[in-house]
Amino acid sequence: AQSVTQLGSHVSVSEGALVLLRCNYSSSVPPYLFWYVQYPNQGLQLLLKYTTGATLVKGINGFEAEFKKSETSFHLTKPSAHMSDAAEYFCAVSGAGGYQKVTFGTGTKLQVIP
Amino acid sequence: KAGVTQTPRYLIKTRGQQVTLSCSPISGHRSVSWYQQTPGQGLQFLFEYFSETQRNKGNFPGRFSGRQFSNSRSEMNVSTLELGDSALYLCASSFGAGGSTDTQYFGPGTRLTVL
Chain A
21 AQSVTQLGSH VSVSEGALVL LRCNYSSSVP PYLFWYVQYP NQGLQLLLKY
71 TTGATLVKGI NGFEAEFKKS ETSFHLTKPS AHMSDAAEYF CAVSGAGGYQ
121 KVTFGTGTKL QVIP
Chain B
158 KAGVTQTPRY LIKTRGQQVT LSCSPISGHR SVSWYQQTPG QGLQFLFEYF
208 SETQRNKGNF PGRFSGRQFS NSRSEMNVST LELGDSALYL CASSFGAGGS
258 TDTQYFGPGT RLTVL
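One line per chain: the protein sequences are A and B, in this order.
What the first sequence shows, in my numbering, is residues 21 to 134, in sequence order.
What the second sequence shows, in my numbering, is residues 158 to 272, in sequence order.
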């Protein structure tokens, strides 16, 4: 069984400020973890993923996330927000190894204030 | 290379009707997954097909069904539509072999409205 909790359905930051989107997961097996972004009227685009190895994962558009097993967390960060970062972000988990279904969090809408 | 395509992009149906949605995966991908996205429930997994076989299934009633063809294209069908079926239906494709290199790529979705 696996689940994802995203803290905060809406987050607002000022342009140039740090972006921090929180994600905690639960998984009975070693997890694969993902962050996706969704722009209005579009599908989901993969930002980054953690499978094995280095716990700090760098993704596209300047985003990164750190896998912390002891805290069961996989928070998404970006040092400086841009207006173009305004979108909805989804954290997701699947079981490692053989293919397993992906479970998504409920999403966090990021608003960037000029 | 071309991404995941979904047709139609928008659909309006009335209660009791049935609907078929189509998804064409990225060339070479053998796995297709379907998700329902609603404001209240978020993204919920419907089912996944790999090499024409349903490999995983979510917790949806039997009104929701799917299939995959030999060219990996997939269709999902919803029969006896209910108002609550109004949603964005997303399709995602991947190689399907699992492991750290396998990644799902999403299509733009089909927006279904049930009146």
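Even glycine gets a Cβ: it sits at the ideal position worked out from N, Cα and C.
Quick caveat: nothing in here was measured; it's all calculated off a predicted structure.
Where residue i falls, given that 16 or more other Cβ within 10 Å makes a residue buried
i	result
residue 209(B)	exposed
residue 49(A)	exposed
residue 30(A)	exposed
residue 112(A)	buried
residue 131(A)	exposed
residue 263(B)	buried
Residue of the options minimising C-alpha distance to residue i
i	options	result
residue 122(A)	265(B), 268(B) and 248(B)	248(B)
residue 243(B)	194(B), 219(B), 181(B) and 165(B)	194(B)
residue 104(B)	220(B), 259(B) and 179(B)	Residue 104(B) lies beyond the residue range present for chain B, which begins at 158 and ends at 272; the question has no answer from this structure.
residue 196(B)	259(B), 246(B) and 261(B)	246(B)
residue 212(B)	181(B), 253(B), 161(B) and 228(B)	253(B)
residue 269(B)	187(B), 216(B) and 239(B)	239(B)
residue 56(A)	72(A), 35(A), 26(A) and 32(A)	26(A)
residue 62(A)	166(B), 250(B), 236(B) and 259(B)	166(B)
residue 157(B)	262(B), 227(B), 251(B) and 233(B)	The requested residue 157(B) is not part of the displayed model; chain B covers only 158 to 272.
residue 100(A)	22(A), 34(A), 21(A) and 114(A)	34(A)
residue 42(A)	79(A), 60(A), 80(A) and 86(A)	86(A)
residue 273(B)	159(B), 160(B), 226(B) and 175(B)	Because residue 273(B) is not part of the residues shown, which for chain B are 158 to 272, the question remains open.
residue 22(A)	47(A), 74(A) and 38(A)	47(A)
residue 184(B)	227(B), 198(B), 192(B) and 223(B)	227(B)
Residue i (DSSP reduced to helix, strand or coil)
i	result
residue 240(B)	helix
residue 223(B)	strand
residue 61(A)	coil
residue 133(A)	strand
residue 82(A)	helix
residue 190(B)	strand
residue 104(A)	helix
residue 38(A)	coil
residue 22(A)	strand
residue 128(A)	strand
residue 204(B)	strand
residue 253(B)	coil
residue 169(B)	strand
residue 87(A)	strand
residue 49(A)	coil
residue 217(B)	coil
Next on the checklist: Please list, in chain order, the residues of the region 203–221 of chain B that have any C-beta partner in chain A closer than 8 Å.
Outcome noted: 205, 207, 212, 213 and 215
Item to check | Residues in the region 58–77 of chain A having any Cβ partner in chain B nearer than 8 Å | outcome: Of all residues in the region 58–77 of chain A, only 61, 62, 63, 64, 65, 66, 69, 71 and 72 place a beta-carbon less than 8 Å from a beta-carbon of chain B.
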